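Here the structure comes first, spelled out in structure tokens, and everything after it is commentary.
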Amino acid sequence: AVAARSQPNANSMVLATSTPDGRPSARVVLCKDIVAQPGFVVFYTNYLSAKGRALERNPRAAAVMHWDALHRQVRIEGPVTRAPEADSDAYFATRAWASRVAAWASRQSEPIASRRALLESVAESARRFGAPVPGSSDADDTLEIEIPRPPHWGGYRLWAEAVELWAEGQARVHDRALWERTLTASADGDFLAGSWVATRLQP
Numbered sequence: 784a785v786a787a788r789s790q791p792n793a794n795s796m797v798l799a800t801s802t803p804d805g806r807p808s809a810r811v812v813l814c815k816d817i818v819a820q821p822g823f824v825v826f827y828t829n830y831l832s833a834k835g836r837a838l839e840r841n842p843r844a845a846a847v848m849h850w851d852a853l854h855r856q857v858r859i860e861g862p863v864t865r866a867p868e869a870d871s872d873a874y875f876a877t878r879a880w881a882s883r884v885a886a887w888a889s890r891q892s893e894p895i896a897s898r899r900a901l902l903e904s905v906a907e908s909a910r911r912f913g914a915p916v917p918g919s920s921d922a923d924d925t926l927e928i929e930i931p932r933p934p935h936w937g938g939y940r941l942w943a944e945a946v947e948l949w950a951e952g953q954a955r956v957h958d959r960a961l962w963e964r965t966l967t968a969s970a971d972g973d974f975l976a977g978s979w980v981a982t983r984l985q986p
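Read in order, the letters of the sequence shown are residues 784 to 986 in my numbering.
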């Protein structure tokens, strides 16, 4: 979908989490990497956000990527682990400096008194790192400003324990197939994966 440029934000995916007592929540995040071996997708967020807190308590998730223009969909389910800090550092360094400032300024999902208070927090974070205030007249997007990754921000890996592919068919006779495997936690925090078992599904 990304290569075809058939629709905007082709790497967006709906990520669903659940609290230990079964309360679900879903939101759209961006898939930033797909690692075929050993098999996981990567997204980045604030660890203290609602989804971050949910994943700490119940480290499993489901994701859906749907491409209307291509009439295709993929669903992924499995356990979630934090990405290595080195990976999070490397990705954070590629973000625009204004986005890095915002990562320090926002306590994602927490209440705030007003929009003005949020903008003041952004301005304060910008001053902290010697950066112009994002959106101001001197906020040149091409500026090179060193802003480290905040400890509350980083990546997650959604390990594919089950993957379902869907392709639209005529007369709603769609094409669906499911691949499942067993994941066993390893000492290094990753998973050892068993062989995939494929099953064709009725639409």
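Backbone N, C-alpha and C fix where the C-beta goes; we use that ideal spot for every residue, glycine too. Predicted model, so just to flag it, every value in this text is computed and none were measured.
| Query | Result |
| --- | --- |
| Buried or exposed by the 16-neighbour rule on C-beta atoms within 10 Å, applied to Glu-944 | buried |
| Reduced DSSP secondary structure (H/G/I, E/B, other) of Gly-861 | strand |
| Own chain partners of Gly-835 with C-beta closer than 7 Å, once the 5 adjacent residues on each side are dropped | Thr-828, Asn-829 |
| Tyr-874 - DSSP class collapsed to helix/strand/coil | helix |
| Exposure label - Pro-894; buried when at least 16 CB within 10 Å | exposed |
| Ser-948 versus Arg-858: straight-line alpha-carbon distance, rounded | Reading off the sequence shown, one finds Leu at residue 948, where the question assumed Ser. Rounded to the nearest angstrom, the two C-alpha atoms are 7 Å apart. |
| Residue environment, Pro-917, which counts as buried when at least 16 other CB atoms sit within 10 Å | buried |
| Ranges of the beta strand (DSSP E) found wholly within the segment 794 to 850, counting only runs of at least 3 | 795 to 801, 807 to 813, 816 to 818, 823 to 829, 843 to 850 |
| Runs of alpha helix (DSSP H) lying entirely within the segment 890 to 973, each at least 4 residues, in chain order | 898 to 911 |
| Identity of the residue in Ala-900, Gln-856, Asp-872, Phe-823 nearest Thr-864 by Cα | Phe-823 |
| Spatially closest choice to Glu-929 from Asp-872, Met-796, Ala-833, by CA coordinates | Asp-872 |
| Helix, strand or coil at Arg-788 [DSSP, three-state] | coil |
| 9 Å Cβ cutoff met for Ser-832 and Ser-882 | no |
| Nearest-angstrom Cβ-Cβ length linking Arg-959 and Pro-934, presumed shorter than 8 Å | Not really, about 42 Å apart at Cβ, beyond 8 Å. |
| Spatial distance of Thr-800 from Glu-860 (CA atoms) | 10 Å |
| Continuous beta strand (DSSP E) stretch holding Ala-888: start and end | Premise fails: Ala-888 lies in the alpha helix (DSSP H), 880 to 888, not in any beta strand (DSSP E). |
| With 16 other Cβ atoms within 10 Å as the buried cut-off, status of Gly-937 | buried |
| Assigned exposure category for Arg-940 - 16 Cβ within 10 Å defines buried | buried |
| Between the CA atoms of Ser-795 and Ala-954 - distance to the nearest angstrom | 28 Å |
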